[in-house]
Amino acid sequence: MRHLDIAVVGGGLLGSAFAYGLSSHGVQVGLIDEGDNAIRTARGNFGLVWVQGKGRGMPEYARWTLASARAWADFSAQLGEETGTATGYHQPGGFFVAISKDEFNHNLKLLEQLRKEAGADGYEYEVVENPALREHLPGIGPEVPGATYCRHDGHANPLQLLRALQEGFERNGGSYIPRSHISEIRPLAVGGFEIFSGDRLVTGCEKLVIAAGHGGADLGRQLGMDIPIHPVQGQVVVTERSPAHLAYPTNYVRKTDEGYFMLGPSARDTGFDLETETTTLRDIVRQCSKAFPYLRELRIQRSWAALRIMTPDGFPVYAQSRDFPGAFSFSCHSGVTLAALHAREVPQWVLAGEIPSAHRCFGLERFDVSA
Amino acid sequence: MNAVPVRPEVAVVGAGPAGMAAACSLAESGVEVLVLDEQPAPGGQVYREVEKVHEQRPEDLAALGTQYRAGLELVRRFRHSGAGYLPRTSVWEITAASEPELAIGTLHDGAAQMLYPRHIILATGAMERPTPFPGWTLPGVMTVGAAQTLLKTSGLMPAGRIVLAGTGPLLYLYANQLLTAGTRPEAILDTRPATSMGALASLLPALAVQPGALLRGLGWMRAVRGSIPVSSRVTALKALGDERVASVSYESAGQSHELQAELLLVHDGVIPNTWLAMAAGIQHHFDQRQACWVPDVRGVGRTSRESIAIVGDGAAIQGAEVAILQGERLAHEVLGQLRGAKGPVLPTPVEPPALRQQRLLQRFLKRYFPPSAYFQLPPDDSTIVCRCEEITAGEIRKVAALGCVGPNQAKAFTRCGMGPCMGRKCALTVSQLMAQVHDVSVEEMGHYRIRPPIRPITVGQLADMPMTGEETGSAADPPGKFASANSSSSKR
Amino acid sequence: MYRRSAAIAEPVILWFEDRKIMAAPGDSLAAALLAAGVSVFRRAPVSGAKRGPFCMIGNCFECLVEIDGQGVVQACSTEVRQGMRVYMPRGQSPGEGD
Chain A
1 MRHLDIAVVG GGLLGSAFAY GLSSHGVQVG LIDEGDNAIR TARGNFGLVW
51 VQGKGRGMPE YARWTLASAR AWADFSAQLG EETGTATGYH QPGGFFVAIS
101 KDEFNHNLKL LEQLRKEAGA DGYEYEVVEN PALREHLPGI GPEVPGATYC
151 RHDGHANPLQ LLRALQEGFE RNGGSYIPRS HISEIRPLAV GGFEIFSGDR
201 LVTGCEKLVI AAGHGGADLG RQLGMDIPIH PVQGQVVVTE RSPAHLAYPT
251 NYVRKTDEGY FMLGPSARDT GFDLETETTT LRDIVRQCSK AFPYLRELRI
301 QRSWAALRIM TPDGFPVYAQ SRDFPGAFSF SCHSGVTLAA LHAREVPQWV
351 LAGEIPSAHR CFGLERFDVS A
Chain B
1 MNAVPVRPEV AVVGAGPAGM AAACSLAESG VEVLVLDEQP APGGQVYREV
51 EKVHEQRPED LAALGTQYRA GLELVRRFRH SGAGYLPRTS VWEITAASEP
101 ELAIGTLHDG AAQMLYPRHI ILATGAMERP TPFPGWTLPG VMTVGAAQTL
151 LKTSGLMPAG RIVLAGTGPL LYLYANQLLT AGTRPEAILD TRPATSMGAL
201 ASLLPALAVQ PGALLRGLGW MRAVRGSIPV SSRVTALKAL GDERVASVSY
251 ESAGQSHELQ AELLLVHDGV IPNTWLAMAA GIQHHFDQRQ ACWVPDVRGV
301 GRTSRESIAI VGDGAAIQGA EVAILQGERL AHEVLGQLRG AKGPVLPTPV
351 EPPALRQQRL LQRFLKRYFP PSAYFQLPPD DSTIVCRCEE ITAGEIRKVA
401 ALGCVGPNQA KAFTRCGMGP CMGRKCALTV SQLMAQVHDV SVEEMGHYRI
451 RPPIRPITVG QLADMPMTGE ETGSAADPPG KFASANSSSS KR
Chain C
1 MYRRSAAIAE PVILWFEDRK IMAAPGDSLA AALLAAGVSV FRRAPVSGAK
51 RGPFCMIGNC FECLVEIDGQ GVVQACSTEV RQGMRVYMPR GQSPGEGD
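Residue numbers (the numbering used here), protein chains in the order written: chain A, 1 to 371; chain B, 1 to 492; chain C, 1 to 98.
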């Protein structure tokens, strides 16, 4: 029977980053994935490596995000060298565009508050109002009052990131175990775990990382971790290739290396429904073409929906089971932005068997109403 | 433009034989039917432009043959049936089953609109099976169906050195049409494998019930073989040329050959065009014998979604005659569903003898012209599979061997199927190649997930679309009217 | 490559790149260009290889062309119009645009 040092359950952006990082430390790692129809958030990811606006009410998350954004260039270069797959990362800075006065005011207030909360750390951003904005974003719509700019923001290709992580993982000697929907995890009396797909024992392992997105809630419960996540549907629209130039990623629109525009992101509460909804799609293209009217004549090439996982406060969960040490559960919706730290820093927590105190704020205790 | 009913009782997508027959029958029973058609005139691909050819180019009518001429009768019946008809209208989406209301996204004259029928009949017909081989992306390589469409729509005849390659009834039909019009191709490179026992076994029953059709077919084959050199069991087909096709190389009977050609027309049979049905979330399965995906159908045309029916070649490749007969029967089935609340559900109408006879004929044709192995699993790794993003068979085999679990992940990793054609020209090949590498069935390997919009629509057209019950203001015409020419597409 | 079975009675004049094209009323743009001897409609966006119409029924998207004021459309599904100005799509190929 297979017995791994560490099993990672979930082959999405999170799980693949952990598995890639862990496998570079000379331990035997297995990455357990579902099949071709897995609910894969990477496919619906917009591809932003984004700092602006994140972390209100939790300065540690703002810092964590910034640290990942800072590590991304080096991380992406290393991954590209190891695998030959480019993640398409660029960091020209990003514009947070507002398409109405209300939205602009809201964004400015949010950023001001983040600056206050950051205290001595500082929180960098610039405000650029519309006539001046045109110099940076030619073709920006006349209704756009302005935008904020942060030099740490950037973007990457989430699909190529996922591919590179999995290739790097295999190159490090990791075992990819697809077509395995995990239904049960049994802790062993002698330590370690056995992982089952229905009646089939998939593998045994000493340690375990649950990064199964929506499926993670049920698996976590089996190990005494109650992870309050719910799905939020994100929709993304991709246009045909276009010669129009957009030098910066924005919160509404970004241009990919291949020459397509991506329009989004939208979020709506949903069950596990992966169909696109027409009204949402139309609202996305309305907003985006208000921001950039030249998009109007472009043909829509594809649209897709993907489920993002949300915690009640929108911040990540990094937790270790109290009842069954060695079992970790990680979930968050910023799989691209945080990939650098998920590949480099988080694996060390798993190897050490402990989440450092500075990051315990991401634990499950914060949802404990009785606390 | 006249007012378009936003809430027709039944919307039919496609005005080919199946769509017209179903619409006629429903309209004649007093149902409010609206037929949405991408073409400027009814007929579908098989009877495309039959009215225009009849009026303006009677000499082409002779070349196109009796089956084509027969379409005129159905088109005339359709024109007088009372069914609503919206030509030049594309359907880019059908809302998901989870949405509160069944709706169909249309685009006409640059204006997008949602319609809310009670029932939808998909009659989206067939498309030619993908035929990947080295050089098939060169200008001057086209499908036989494309050349035939050019003949029907504009009276275009191939000129210069023409080579036909592949197999299937349509290839021989078209070759015969060319001969009738006085055009002689250089060669037919037939990729059909040796006739199987199954084909021979199905010949007799077909001959017993459909002697006329079979003899007509044999007549064409004989005429074609008498006038055009035919190479049999052709493999290793390649189109060569720098900027456009200049020659064709192939192997036949253990010998390599090369022929000059300025137009290479390929064909390997047709498969259901399932893109709209798949985007609507209708369940499909892989049909081993036909080597293609087909919708799961119960009764005449009921699908996994109660309010959406499928009929004609979009449900299973059976040809125009079956499509007409099935269209009529489907109309009864749908009528039963619509009126079911008020009365007893009508039983599925019995199969008329003509339908059984046609089925026997089709069964023989499918066995006599099975899909070519050479196109199904292109042996040369340099063969482009995804024409849009230029992904080769070798790359698909490589990512599959590296552990890529299925076509959707292959799409994410390689971009195959992500281009403008949305996988129409590579989906089948990618699923088959991956199934081969993983040694599983194509059914198990699965198909690309297809999402709307499945027909071209621009950001501006979607942004300007009014939704039902919405305050539309001056942004667009009120629901219930189709936009008149250029009204909403040019308003900015 | 193709010839017309009948002469054009009342021609529709349009331009492809700098070439004057005579079409018949009701022609699809793809048919009109093919009849005029145009076989290359665009370049593949990845390799830059030349491409032309393949399926003629709107499925393959090989016949994409750019029309003034209309953006990039499928030539097989677009009817000819008097005075239409048609180009190979700009800015969809590597190294183009910007």
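Glycine residues also receive a C-beta, built at the ideal position from the N, C-alpha and C atoms.
Tell me which residues share the same chain as GLU28(B) and place their Cβ nearer than 8 angstroms to its Cβ, disregarding the 5 neighbours each side in the sequence. Locating residue 28(B) in the second sequence gives position 28, counting from the first residue. Cβ neighbours of GLU28(B) beyond the five flanking positions: SER81, GLY82.
Can you check DSSP and say which residues form a bridge with SER256(B)? Position 256 of the second sequence, counted from the start, is the residue given in the question as residue 256(B). DSSP output for SER256(B) lists GLU251(B) as bridge partner(s).
Whole angstroms are fine: how far does the CA of LEU361(B) sit from the CA of GLN210(B)? Numbered from its first residue, the second sequence carries residue 210(B) at position 210. Numbered from its first residue, the second sequence carries residue 361(B) at position 361. Near 7 angstroms, if we compare the C-alpha coordinates of LEU361(B) and GLN210(B).
What first and last residue would you give for the beta strand (DSSP E) that runs through MET1(C)? Taking the first residue of the third sequence as position 1, residue 1(C) is located at position 1. Neither: MET1(C) is in no beta strand (DSSP E) and is coded neither H nor E.
For the segment 296 to 315 of chain B, enumerate the residues whose C-beta is nearer than 7 angstroms to any C-beta of chain A, in chain order. Under the 7 angstroms Cβ criterion, the segment 296 to 315 of chain B contributes no residue.
By alpha-carbon positions, which one of GLY264(A), THR278(A), LEU13(A), ARG322(A) ends up nearest to MET225(A)? Counted from its first residue, the first sequence places residue 225(A) at position 225. Out of GLY264(A), THR278(A), LEU13(A), ARG322(A), the CA that lies nearest to the CA of MET225(A) is found in ARG322(A).
Between ALA280(B) and ILE94(B), how many whole angstroms is the CB-CB distance? I'm expecting something under 8 angstroms. Within the second sequence, residue 280(B) is the residue found at index 280, counting from 1. Within the second sequence, residue 94(B) is the residue found at index 94, counting from 1. The Cβ separation is near 4 angstroms, so the contact holds.
Interface residues of the segment 240 to 251 of chain A facing chain C [CB-CB below 7 angstroms]: Those would be GLU240, ARG241, SER242, PRO243, HIS245, in chain order.
Within the continuous alpha helix (DSSP H) that includes LEU335(B), where are the two ends? The residue labelled residue 335(B) in the question sits at position 335 within the second sequence. Residues 319 to 339.
Please compile the residues from chain B whose C-beta is within a distance smaller than 9 angstroms of the C-beta of ASP56(C). Reading the third sequence from its first residue, position 56 is the one you call residue 56(C). Looking at the sequence itself, residue 56(C) is Met, so the reference to Asp does not match. Residues of chain B whose Cβ lies closer than 9 angstroms to the Cβ of MET56(C) are, in chain order, MET142, THR143, GLY145, ALA146, ALA147, GLN148, THR149, LEU150, THR153.
Using a C-beta cutoff of 9 angstroms, does ALA44(C) count as contacting chain B? As a position in the third sequence, residue 44(C) is number 44, starting the count at 1. By this cut-off, ALA44(C) is an interface position.
Below 7 angstroms CB to CB, which residues in the same chain sit around ASP190(B) once its five sequence neighbours on both sides are set aside? Here the question's residue 190(B) lines up with position 190 in the second sequence. Cβ within range, chain order: THR167, VAL230, SER231, SER232, VAL234.
Boundaries of the beta strand (DSSP E) in which ALA494(B) is found, first to last residue: Residue 494(B) falls outside the range modelled here, since chain B spans only 1 to 492, and no answer is possible.
Exposure label - GLU471(B); buried when at least 16 CB within 10 Å: Sequence index remark: in the second sequence, residue 471(B) carries index 471 (1-based). Residue confidence for GLU471(B) is low, a pLDDT of 40 falling below 50, so the modelled location carries little weight; the figure read from the coordinates is stated next. With fewer than 16 Cβ atoms within 10 Å of its Cβ, GLU471(B) is classed as exposed.
Check distances from the C-beta atoms of the segment 424 to 441 of chain B to those of chain C and list, in chain order, the residues that come in under 8 angstroms. Of all residues in the segment 424 to 441 of chain B, only ARG424, LYS425 come within less than 8 angstroms of chain C when Cβ atoms are compared, listed by chain position.
To the nearest angstrom, how far is it from the Cα of MET56(C) to the Cα of GLU444(B)? Looking up residue 56(C) in the third sequence gives position 56. Looking up residue 444(B) in the second sequence gives position 444. Going from the Cα of MET56(C) to the Cα of GLU444(B) covers about 32 angstroms.
The alpha helix (DSSP H) spanning TYR368(B) covers which residue range? As a position in the second sequence, residue 368(B) is number 368, starting the count at 1. Going by DSSP, TYR368(B) is part of the alpha helix (DSSP H) stretching over 353 to 368.
Name, please, each residue of chain C whose Cβ falls closer than 9 angstroms to the Cβ of ARG57(B). As a working mapping, residue 57(B) is identified with position 57 in the second sequence. Scanning chain C for C-beta atoms nearer than 9 angstroms to the C-beta of ARG57(B) yields SER5, ALA6, reported in chain order.
What are the partner residues of ARG161(B), as DSSP defines its beta bridges? Here residue 161(B) refers to the residue found at position 161 of the second sequence. Beta-bridge pairing links ARG161(B) to no other residue.
THR383(B) versus ASP37(B), VAL50(B), THR131(B), SER98(B), residue with shortest Cα-Cα distance: Stepping through the second sequence from its first residue, residue 383(B) is reached at position 383. THR383(B) has its Cα closest to that of THR131(B), out of ASP37(B), VAL50(B), THR131(B), SER98(B).
Considering only C-alpha positions, which residue in the set ARG449(B), GLY219(B), SER247(B), LEU86(B) is nearest to ALA175(B)? As a position in the second sequence, residue 175(B) is number 175, starting the count at 1. Of the candidates ARG449(B), GLY219(B), SER247(B), LEU86(B), the one whose C-alpha sits nearest the C-alpha of ALA175(B) is GLY219(B).
7 angstroms Cβ shell around LYS425(B) - same chain, five flanking residues per side excluded: Indexing the second sequence from 1 puts residue 425(B) at position 425. Spatial neighbours of LYS425(B) in its own chain (CB-CB distance under 7 angstroms, excluding positions within 5 residues in sequence) are listed in chain order as PRO130, ARG387.
Give the DSSP-derived three-state secondary structure of VAL6(B) in the structure shown. Looking up residue 6(B) in the second sequence gives position 6. VAL6(B): coil per DSSP, three-state reduction.
Would you kindly check if the distance between the Cβ of ARG69(B) and the Cβ of GLY155(B) is under 9 angstroms? The residue you call residue 155(B) lines up with position 155 of the second sequence. The residue you call residue 69(B) lines up with position 69 of the second sequence. Not a contact, by the Cβ cut-off of 9 angstroms.
Chain A contact for GLY71(C) (CB, 9 angstroms cutoff): Along the third sequence, read from residue 1 onward, the residue named residue 71(C) stands at position 71. Yes, GLY71(C) counts as interfacial toward chain A.
Give a yes or no on whether the minimum CB-CB distance between LEU133(A) and chain B is below 9 angstroms. By one-based count along the first sequence, residue 133(A) stands at place 133. Output row for LEU133(A): interface = no.
Between the C-alpha atoms of PHE504(B) and SER197(A), what's the straight-line distance to the nearest angstrom? Residue 504(B) falls outside the range modelled here, since chain B spans only 1 to 492, and no answer is possible.
Compare the C-beta of ARG99(C) with all C-beta atoms of chain A and state if any pair is closer than 9 angstroms. Not covered by the structure: residue 99(C). The range shown for chain C is 1 to 98.
Going by DSSP, name the residue or residues bridged to GLY105(B). On the second sequence, position 105 is the one that residue 105(B) refers to. In the DSSP assignment, GLY105(B) forms a beta bridge with GLU93(B), MET114(B).
Determine the extent of the alpha helix (DSSP H) in which TRP349(A) is found, giving its start and end residues. Translated into the one-based positions of the first sequence, residue 349(A) becomes position 349. Bounds of the alpha helix (DSSP H) holding TRP349(A) are 346 to 352.
For ARG19(C), would you say it is in contact with chain B, using Cβ-to-Cβ distances shorter than 9 angstroms as the test? Taking the third sequence and counting its residues from 1, the one referred to as residue 19(C) is at position 19. Taking Cβ atoms only, chain B never reaches closer than 9 angstroms to ARG19(C), which makes this a no.
Do ASN45(A) and GLY234(A) count as a contact pair if the criterion is CB distance below 9 angstroms? As a working mapping, residue 234(A) is identified with position 234 in the first sequence. As a working mapping, residue 45(A) is identified with position 45 in the first sequence. Cβ atoms of GLY234(A) and ASN45(A): closer than 9 angstroms.
Would you list the residues sitting across from SER24(A) in a DSSP beta bridge? Here residue 24(A) is taken as the residue at index 24 of the first sequence, counted from 1. Partner(s): none; SER24(A) has no beta bridge.
For ASP368(A), which three-state DSSP category applies? The residue given as residue 368(A) occupies position 368 in the first sequence. DSSP places ASP368(A) in the coil class of the three-state scheme, outside both helix and strand.
Cα separation between PRO89(C) and VAL65(C)? Along the third sequence, read from residue 1 onward, the residue named residue 89(C) stands at position 89. Along the third sequence, read from residue 1 onward, the residue named residue 65(C) stands at position 65. If you take the alpha carbons of PRO89(C) and VAL65(C), they lie about 5 angstroms apart.
Find out if the Cβ-Cβ distance for the pair PRO5(B), ALA126(B) is shorter than 9 angstroms. Within the second sequence, residue 5(B) is the residue found at index 5, counting from 1. Within the second sequence, residue 126(B) is the residue found at index 126, counting from 1. Not closer than 9 angstroms, so no.
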